[in-house]
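Accompanying notes for the structure given below.
Number of protein chains: 2
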Amino acid sequence: MTTNRQFVLARRPEGKPVDDDFDLVEADVPEAGPREVLVRTRYLSVDPYMRGRMRDEESYAEPWAVGDVLQGGVVGEVVESNHPDFEAGDTVTGNLRWADYAVADGDELVGIETGGVSDSAALGVLGMPGRTAYFGVTDVLDPDPGDTVVVSAAAGAVGSVVGQIAALNGCRVVGIAGSDEKVAHLKDDLGFDAGINYAEADVAEALGDAAPDGVDGYFDNVGGPITDAVFEHLNVRASVAVCGQIALYNEEGVPTGPRKLHTLVEKRARVEGLLVGDYAPRFAEATERLVGWVQSGDIAFRETVVDGLENAPDAFVGLFEGENVGKQVVRVESEFDA
Amino acid sequence: MTTNRQFVLARRPEGKPVDDDFDLVEADVPEAGPREVLVRTRYLSVDPYMRGRMRDEESYAEPWAVGDVLQGGVVGEVVESNHPDFEAGDTVTGNLRWADYAVADGDELVGIETGGVSDSAALGVLGMPGRTAYFGVTDVLDPDPGDTVVVSAAAGAVGSVVGQIAALNGCRVVGIAGSDEKVAHLKDDLGFDAGINYAEADVAEALGDAAPDGVDGYFDNVGGPITDAVFEHLNVRASVAVCGQIALYNEEGVPTGPRKLHTLVEKRARVEGLLVGDYAPRFAEATERLVGWVQSGDIAFRETVVDGLENAPDAFVGLFEGENVGKQVVRVESEFDA
Numbered sequence: 001m002t003t004n005r006q007f008v009l010a011r012r013p014e015g016k017p018v019d020d021d022f023d024l025v026e027a028d029v030p031e032a033g034p035r036e037v038l039v040r041t042r043y044l045s046v047d048p049y050m051r052g053r054m055r056d057e058e059s060y061a062e063p064w065a066v067g068d069v070l071q072g073g074v075v076g077e078v079v080e081s082n083h084p085d086f087e088a089g090d091t092v093t094g095n096l097r098w099a100d101y102a103v104a105d106g107d108e109l110v111g112i113e114t115g116g117v118s119d120s121a122a123l124g125v126l127g128m129p130g131r132t133a134y135f136g137v138t139d140v141l142d143p144d145p146g147d148t149v150v151v152s153a154a155a156g157a158v159g160s161v162v163g164q165i166a167a168l169n170g171c172r173v174v175g176i177a178g179s180d181e182k183v184a185h186l187k188d189d190l191g192f193d194a195g196i197n198y199a200e201a202d203v204a205e206a207l208g209d210a211a212p213d214g215v216d217g218y219f220d221n222v223g224g225p226i227t228d229a230v231f232e233h234l235n236v237r238a239s240v241a242v243c244g245q246i247a248l249y250n251e252e253g254v255p256t257g258p259r260k261l262h263t264l265v266e267k268r269a270r271v272e273g274l275l276v277g278d279y280a281p282r283f284a285e286a287t288e289r290l291v292g293w294v295q296s297g298d299i300a301f302r303e304t305v306v307d308g309l310e311n312a313p314d315a316f317v318g319l320f321e322g323e324n325v326g327k328q329v330v331r332v333e334s335e336f337d338a
Numbered sequence: 001m002t003t004n005r006q007f008v009l010a011r012r013p014e015g016k017p018v019d020d021d022f023d024l025v026e027a028d029v030p031e032a033g034p035r036e037v038l039v040r041t042r043y044l045s046v047d048p049y050m051r052g053r054m055r056d057e058e059s060y061a062e063p064w065a066v067g068d069v070l071q072g073g074v075v076g077e078v079v080e081s082n083h084p085d086f087e088a089g090d091t092v093t094g095n096l097r098w099a100d101y102a103v104a105d106g107d108e109l110v111g112i113e114t115g116g117v118s119d120s121a122a123l124g125v126l127g128m129p130g131r132t133a134y135f136g137v138t139d140v141l142d143p144d145p146g147d148t149v150v151v152s153a154a155a156g157a158v159g160s161v162v163g164q165i166a167a168l169n170g171c172r173v174v175g176i177a178g179s180d181e182k183v184a185h186l187k188d189d190l191g192f193d194a195g196i197n198y199a200e201a202d203v204a205e206a207l208g209d210a211a212p213d214g215v216d217g218y219f220d221n222v223g224g225p226i227t228d229a230v231f232e233h234l235n236v237r238a239s240v241a242v243c244g245q246i247a248l249y250n251e252e253g254v255p256t257g258p259r260k261l262h263t264l265v266e267k268r269a270r271v272e273g274l275l276v277g278d279y280a281p282r283f284a285e286a287t288e289r290l291v292g293w294v295q296s297g298d299i300a301f302r303e304t305v306v307d308g309l310e311n312a313p314d315a316f317v318g319l320f321e322g323e324n325v326g327k328q329v330v331r332v333e334s335e336f337d338a
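These protein sequence lines map, in sequence, to chains A and B. Residue 1 is where the first sequence starts when you use UniProt numbering, and the numbers rise one by one after that. Residue 1 is where the second sequence starts when you use UniProt numbering, and the numbers rise one by one after that.
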């Protein structure tokens, strides 16, 4: 192992990212310093929030500079460890790089806790997306049994878990997704009560049937017109957890739409932004619950796997085209694997 | 007393209401039936929310039909009572009519509790607007000492009380109002720490000076671009109480503006709609606190009084032109008073 492929941000995307926004460059395999660990990437996570870091704007995650190596959630194998918690051969997860290899402070890595489920699940149902769903439902929406909970991007990594946790809470669950195939997956595989294909249906109208008693909780992954439509159906004292706004991430300038604050007065509704990192002190609780639910079969999950680090940009861009069902991961095989 | 002047909705306003939207008609003075009370109006409250009832749209308050007598908060004198709780000469308050006289179920009236403050205060600082401010600050914003709280329409009936209660909680209080005179009133008479005249200043820019540590709580009475500007300054975990959207009430069609849900994710902020009626079981608590603060001088208040029932539409329309400082009331002298 002498060289390391890694993606850098070649330029800031305008609108939807394209291949030329990313450069695959070769560098030396880094060396682990004191308390550092060298990790070989096995799975890389691509997530919609990364689009925000490609903008030159301050937000909850620091923007990348042009030329920076892109970062992301990784499951990998320890190659060399100068940290007492890890040794070569361990499987770990952490926020590493779109690269074959990366070094990290060992304190920033954790062993994966997947209870025998696939390792890559540590990036999805048992990782950041699963925890986001858990805290979003449990803490922000906090639905009562019998409530109707609607989730957008329902077939995605977060939405699919949101709906299943809400169902475990005794809720009627309605998922909004972008194809008939995804809607069938929600109902047939994930136990959703109803699904709406926003690419075909008028969402506001379809919700009249799918949520005949109105919407008590809405977990928003998309924003834009789909969210506008859901707001028309909010019940008095409804709760809205805002997790993502993927429909807007590629817009240049400030997206506009109907003003909705008056609806909140009419409905005495609550809208709250959700960032999973705020719940770090409770990650162990979430992981334990999620592992239990997956092991018992109460939560099913699917992954969409793209092979090859070189295809990471395609996998990332595919998120904005709805190409993934469940968690989108990139399986990375080092060129030196053989 | 043989006739009763009363305002009916002549037609639904288009945009800002005008005189021809209202008709002053004469009718017989109504008679009190069993358990009913005949009340002569002394003060009539005009409030921005009434604009919503003039639309043909369902909301928290039922829309008026064209031809309906307009309703509103009234302080009046009991002329005749068939209810055991009241007798002629009592001063009462309730939701009555834009009229010289009205009958009401005695169960829907209450004696005024103003602790020696002016009777009309039962429509303002000690009535619905004061209670709205109380629950909005205490329950929805729930600020900590040292927090910065911003309120829009700060010189109005609700906003002026919001700011003073927040100050009593140890907050830095910034008011946004529509004239230099109002801003001076906020700072000189009501103890606000800073004020912004939105008619002259760029609100987003001015907030940089007025709220240098950002905004922890925002009480929104206006909506629209002023609220957009405040959102730019929200701190992490900020709270927003949405009470009114007066900047939008006269718009035809659906008002549009920049989408703000992503800001809520960035800031993990909470936005909640507020309707004072939901707090009815706790009105006594609010009144007791408010009366105490007014008696001790901790809360100052001002009223803008228009004389004559016939001027009620002008007083109402004036709300949308920022003509009032503090609570806008109409003093009604029956033509039969003499």
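Ideal Cβ placement from N, Cα and C applies to all residues, glycine included.
- As a beta-bridge residue in DSSP terms, Q6 (chain A) pairs with A:V25, A:A99.
- When the alpha-carbon of A206 (chain B) is set against those of B:I226, B:A280, B:V137, the nearest one is in B:I226.
- Annotation for V174 (chain B): the continuous beta strand (DSSP E) segment containing it runs 172-177.
- At a C-beta separation below 7 Å, L141 (chain B) has no neighbours in chain A, since its nearest C-beta there lies roughly 13 Å away.
- Taking each of B:D90, B:E57, B:E87, B:Y43 in turn and checking the Cα distance to G73 (chain B), the smallest one comes out for B:Y43.
- Rounded to whole angstroms, the separation of the alpha carbons of D307 (chain B) and D314 (chain B) is 11 Å.
- Under DSSP, the beta-bridge partners assigned to K327 (chain A) are A:E303.
- Inclusion of E36 (chain A) and T3 (chain A) in the CB contact set at 9 Å is not warranted, their separation being larger than that value.
- Along the stretch 318-330 of chain B, there is no position whose C-beta sits under 9 Å from a C-beta of chain A.
- Partner residues in a beta bridge of P30 (chain B), as assigned by DSSP, do not exist.
- Against A269 (chain A), the close residues of chain B are E272, G273, in the order they occur along the chain (beta-carbon pairs closer than 8 Å).
- In this structure, DSSP gives V203 (chain B) a helical state, which the three-state scheme calls helix.
- The CB of T227 (chain B) comes closer than 8 Å to the CB of L261 in chain A, given here in chain order.
- For S152 (chain B), no chain A residue has a C-beta closer than 9 Å to its own C-beta; the minimum C-beta separation is roughly 12 Å.
- Under the DSSP assignment, L141 (chain A) falls outside any beta strand (DSSP E); it carries neither an H nor an E label.
- A distance below 7 Å between beta-carbons, with the five flanking residues on each side excluded, links S120 (chain A) to the following residues of its chain, in chain order: Y43, V75, E303, V329.
- Below 8 Å, too few C-beta pairs join the stretch 129-144 of chain B and the stretch 90-106 of chain B to call them touching: fewer than three.
- A straight-line Cα-Cα distance of about 23 Å links A61 (chain B) and S152 (chain B).
- In this structure, G146 (chain A) lies away from V291 (chain A), with their beta-carbon atoms at least 9 Å apart.
- In this structure, DSSP gives I246 (chain B) a helical state, which the three-state scheme calls helix.
- For S296 (chain B), the uninterrupted alpha helix (DSSP H) run begins and ends at 283-296, by DSSP.
- For S59 (chain B), the closest Cβ of chain A is nearer than 9 Å.
- Nearest C-alpha to L126 (chain B) among B:D298, B:R289, B:L309: B:R289.
- G163 (chain A) and N221 (chain B) have their C-alpha atoms spaced approximately 35 Å apart.
- Scanning chain B for C-beta atoms nearer than 9 Å to the C-beta of L38 (chain A) yields nothing, as the closest lies near 34 Å away.
- Here T132 (chain A) is not bridged, per DSSP, to any residue.
- Across the stretch 230-254 of chain B, CB contacts with chain A closer than 8 Å involve V242, C243, G244, Q245, L248, V254, in sequence order along the chain.
- Using a Cβ-Cβ cut-off of 9 Å, P17 (chain A) does not count as an interface residue toward chain B, since no Cβ of chain B sits closer than that to its own.
- In the three-state reduction of the DSSP assignment, L261 (chain A) falls in the helix class.
- In the structure shown, I165 (chain B) adopts helical secondary structure according to DSSP, grouped into three states.
- Contacts with chain B at 9 Å (Cβ-Cβ) include T256 (chain A).
- Residue contact with chain B for G208 (chain A): absent (no Cβ-Cβ distance below 9 Å to any residue of chain B).
- The beta-carbon of G136 (chain A) is placed no less than 9 Å from the nearest beta-carbon of chain B.
- Per DSSP, reduced to three states, the secondary structure at G111 (chain B) is strand.
- In the structure shown, the three-state DSSP call for N197 (chain B) is strand.
- Within chain A, L261 have C-beta atoms less than 8 Å from the C-beta of D220 (chain B), given in sequence order.
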